[in-house]
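Residue numbers (the numbering used here), protein chains in the order written: chain A, 71 to 433; chain B, 71 to 433.
By construction, the Cβ of each residue, glycine as well, lies at the ideal position given by its N, Cα and C atoms.
Fair warning: this is a prediction, and the values are worked out from it, not measured in the lab.
Report on the following structure.
Protein chains: 2
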Amino acid sequence: MATIYDVAKHAGVSPKTVSRVLNKDAPVSEKTRKAVAAAMDALGYVPSHAARSMKSNKSDLVGLITGAISNADEISTAAGLPDLLIVQGAQAVMEKANKTLLISDTGGRLDRVPDLVRTFQEHRVEGILYVADFHKPLQLALPGRDIPKVLVNCFDQFGTPAVVPDDEGGQYALTKSVIAQGHERIAYLTLAPGQEATRLRLLGFRRALEEAGLPFDPKLVQATDLFGTPGERQLIWDALDNFFDSDTPPTAICCGNDRLAMAVYSILRGRGISVPEQVSVVGYDDHRLISETLYPALTTAELPYSAMGARAAQVLLDLLSGNDAPATPRITVRGQVKTRGSLVAPRAASPDNVINLSGRNEI
Amino acid sequence: MATIYDVAKHAGVSPKTVSRVLNKDAPVSEKTRKAVAAAMDALGYVPSHAARSMKSNKSDLVGLITGAISNADEISTAAGLPDLLIVQGAQAVMEKANKTLLISDTGGRLDRVPDLVRTFQEHRVEGILYVADFHKPLQLALPGRDIPKVLVNCFDQFGTPAVVPDDEGGQYALTKSVIAQGHERIAYLTLAPGQEATRLRLLGFRRALEEAGLPFDPKLVQATDLFGTPGERQLIWDALDNFFDSDTPPTAICCGNDRLAMAVYSILRGRGISVPEQVSVVGYDDHRLISETLYPALTTAELPYSAMGARAAQVLLDLLSGNDAPATPRITVRGQVKTRGSLVAPRAASPDNVINLSGRNEI
DNA sequence: CGGTGTCATGACATCGATGTCATAACAGGA
DNA sequence: TCCTGTTATGACATCGATGTCATGACACCG
């Protein structure tokens, strides 16, 4: 690889002059500038980041860690929205700020994080983005003492700035849309209990009901997310069974994510219940592969991964330019409600609308 | 950040001795070693990659470019298997070889590739992996003259080593499984015409038929992939209409990808045709979010993205260690056939098995 | 007991940029 | 004309590692 010295010799000037041409930080005569440019071109010269960063003590590098799944390594890849979207959102912003992202994937092994951080430190990254695969609390402090950090899709107890989805607000807005269509009995198939998203969205769900003066019926809420494992379908089947085995069955079903909604579509159809004519269904995530392929297309709350990535990158850049950390360490990002065909007004009770339970337990 | 000089002073030795402790490349007395280790610990010393790579003229860095989608930026994200899997496969291998991946996403703008490559060159990457979002030919040569390159999921006309999926073999094996179940009339809803995958898989499809002595009926083949755009469902509907409006309707349907299979499930059910009792359905990709959530679970051919990423990384590493380029520039990676519930033996014709076309055009 | 080899360590130069300072040429103002 | 200021350029040191070479202290061999 050609160096600045090669260019200098080729152009008959000193290395320092080449440097000046490169950085345009001091006047250079037009004639010299041209000669140097020609030499750089002829030699295919590209300045060395290593040498530059050594002198300037700046790396223009930002580290990003993804995929720190607690245990199983495949489950989460299969289940949710790919956190790649977060990475893309962050990268777009970083690129505009002339930072290069160093991206590392733990491949599911949380215990590799210290190694990754060490590699980042060798590269003298100026900051680190830590991306979780779903909204969760972080138990341990990340290594890398003095490096500014921003958490994405997770948060800790040490006041590290964190960018998370507005699960409460998202489910609230979505539920409000459902209610606005006239639904009063709304069932909710939640994600696994104990998850942050489950807790927050349930709060949003209840807030919407409450504001509308609708009662909250615990019998209409059940956790059914088994991450796509075999028993899941039966679990959903049974849950729907319970919902509809009632004098006042639900007219709409909220699902913890779009994948669950997909299973619900299939089970309802298998039982002769049509969506949306007899029951409206809404999801969560706006995983477009599902939401736009289902028929009718799925009304769902967007999980704004890309926007979260972008926001987190911006927060980190602010920190790097010496600004204070945000006043509240936890920044929530709201996604839109995507209105599609699966949500319509409930039909008035009529013979057509009697829900057929004949297929029960036929799974 | 502490430097090797700081550590040396703190431990009362010369920088060179610290270096020896770091690299274990020359004998150091146990007492000194401990003192140095203690100093490194106390100061939180991490060696500077920049300084190292400058001296050694090695960066241990490999660049990876993804997302070079030709035009539309969202279409492909929504449609296929996320190419993130390729990246993960590559990263796992690179990490074992102590290489760090510099990952850049074009965000869909092919014209940004030269900039990304330039950044890679500044970092003195030792090689570049170029990852396409679906199997396709590359029109232009990549910039970066003397840097070893490996293409993944794409190929060029200049003999650059390329790792691609074995589309022909994958569809062949899948179709063979279908035939092995006893199916003789097999329909095929292909991806968009003109795509590499479409062409190759059709070859594999025909080879399997031919080997089994089954006739190839062009009327049973239709391209229906519109990348999830609105008209797609109608297109599939019409195609199925044509297939079943026949004295000898198909007993199995191959789909160009799992997403199409999902739409097919839904349309068939809407028309009262049950899967797999009346018609078997198979997909392609093994996008587990779909293949495992559909009911019955989808038999499909795996698109071995992770393995392709790993293989490409290995090829690049071989190139870097001075080995010759692989004899054939194009390396194909075969995926498995994933057998699940959507494929069963065809039922003998019976009253139950009469396919009901009453729902036709009711979409 | 002198010679040779290994151990343990340090001085110094070097990698490729750039910041600092010096220098020369020339212009314009007093 | 001399002084000052600007333009245009180069010499040199420096960033943080490590390769090369030198040196002193032992140990072992004949």
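For B/ASN312, name the three-state secondary structure that DSSP assigns.
-> helix
Chain-ordered neighbours of B/TYR365 on chain A, where CB pairs are closer than 9 Å | ARG303, ALA333, SER336, ILE337, GLY340 and ILE433
Rounded Cβ spacing between A/ALA282 and A/ILE323 (contact assumed at less than 8 Å) = Contact flag wrong, Cβ pair sits at about 17 Å.
So does the stretch 75-92 of chain B actually touch the stretch 101-116 of chain B, counting three or more Cβ pairs closer than 8 Å?
-> Touching, yes.
By the criterion of Cβ-Cβ separation under 8 Å, what are the contact partners of A/PRO152 in chain B?
-> PRO152 and LEU154
Look at the alpha carbon of B/GLU144 and the alpha carbon of B/PRO300, and state the distance between them as a whole number of angstroms.
-> Its pLDDT being 43, under 50, B/GLU144 is placed unreliably in this model, and the coordinates cannot settle the point.
CB of B/GLY137 within 9 Å of CB of B/VAL201, strictly = It is a contact, given that the beta carbons lie within the stated cut-off.
By Cβ distance, which residues of its chain are closer than 6 Å to B/LEU305, with the 5 residues on each side in sequence left out?
-> THR294
B/THR170 to B/ALA162, Cα distance in whole Å?
-> 10 Å
Inter-stretch contact (C-beta, 8 Å, three-pair minimum) for the stretch 362-372 of chain A and the stretch 190-210 of chain A = no
B/MET110 touches chain A at which residues, Cβ-Cβ below 8 Å?
-> Going along chain A, no residue has its Cβ under 8 Å from B/MET110, so there is no contact; the nearest lies around 12 Å.
Is the beta carbon of B/GLY159 less than 9 Å from the beta carbon of B/ALA383?
-> In contact: B/GLY159 and B/ALA383 (Cβ atoms closer than 9 Å).
Measuring CA to CA, which of B/ALA309, B/THR402 and B/HIS119 is closest to B/ALA267?
-> Residue B/THR402 is the option with its Cα nearest to B/ALA267.
Name the residue from B/ALA211, B/THR318 and B/ASP355 whose alpha carbon lies nearest to the alpha carbon of B/ASP226.
-> B/ALA211
Sequence-distant residues of the same chain with beta carbon closer than 7 Å to A/PRO184, five excluded per side = Here the set comprises PRO213.
Is the beta carbon of B/ALA120 within less than 8 Å of some heavy atom of the ligand ZN?
-> No copy of the ligand ZN occurs in the structure displayed, which carries no ligand at all.
Drop a sphere of 10 angstroms on the beta-carbon of B/GLN191, count the other beta-carbons inside from all chains shown, and report buried for 16 or more, exposed for fewer.
-> With at least 16 other beta carbons inside 10 angstroms of its own, B/GLN191 counts as buried.
Should A/GLY392 be labelled buried (16 or more other beta-carbon atoms within 10 Å of its own) or exposed?
-> Exposed, since its Cβ has fewer than 16 Cβ neighbours within 10 Å.
Same chain, Cβ closer than 7 Å to A/ARG400, neighbours up to 5 away in sequence not counted = PHE225, ALA232 and VAL234
Answer yes or no: does any C-beta atom of chain B fall closer than 9 Å to that of A/ALA121?
-> Interface criterion met: the Cβ of A/ALA121 is under 9 Å from a Cβ in chain B.
Going straight from the alpha carbon of B/ASP76 to that of B/PRO85, what length do you get?
-> 8 Å
Other residues of its chain near B/VAL220: CB distance less than 6 Å, five sequence neighbours each side excluded | LEU199, PRO231, ALA382, VAL385 and LEU386
Would you say A/ALA380 and A/GLN406 are within 9 Å of each other, going by their C-beta atoms?
-> In this structure, A/GLN406 does not lie closer than 9 Å to A/ALA380 by Cβ.
Can you find a C-beta in chain A that's less than 9 Å from the C-beta of B/ILE249?
-> no
In whole angstroms, what is the alpha-carbon distance linking A/GLN348 and A/THR321?
-> 7 Å
Give a yes or no on whether 9 Å exceeds the smallest Cβ distance from A/VAL349 to chain B.
-> Using a Cβ-Cβ cut-off of 9 Å, A/VAL349 does not count as an interface residue toward chain B, since no Cβ of chain B sits closer than that to its own.
Pull up the CB-CB distance for B/HIS205 and B/ASP237, whole angstroms please, since I reckon it's below 8 Å.
-> 6 Å
Go through its chain and collect everything with a Cβ distance to A/ASP355's Cβ below 6 Å, but skip five positions before and after it.
-> LEU151, ASN327, ASP328 and LEU373
Consider the Cβ of A/SER89: report whether some Cβ of chain B lies at a distance smaller than 9 Å.
-> no
Would you verify that the beta carbon of B/GLU362 is, or is not, closer than 9 Å to some beta carbon of chain A?
-> yes
Quick one: Cα of A/ASP203 to Cα of B/LEU296, how far?
-> Taking the Cα positions, A/ASP203 is about 30 Å away from B/LEU296.
Along chain A, which residues have their Cβ under 8 Å away from the Cβ of B/SER118?
-> MET124, GLU192 and ARG194
A/LEU310 vs A/ILE337 beta-carbon contact at 9 Å = yes
Reducing DSSP to helix, strand and coil, say where B/PRO235 ends up.
-> strand
Short Cβ contact (9 Å threshold) for A/LEU270 with A/TYR258 = Result no, Cβ atoms of A/LEU270 and A/TYR258 do not sit closer than 9 Å.
DSSP puts A/ARG400 in a beta bridge; with which residues?
-> A/ALA232
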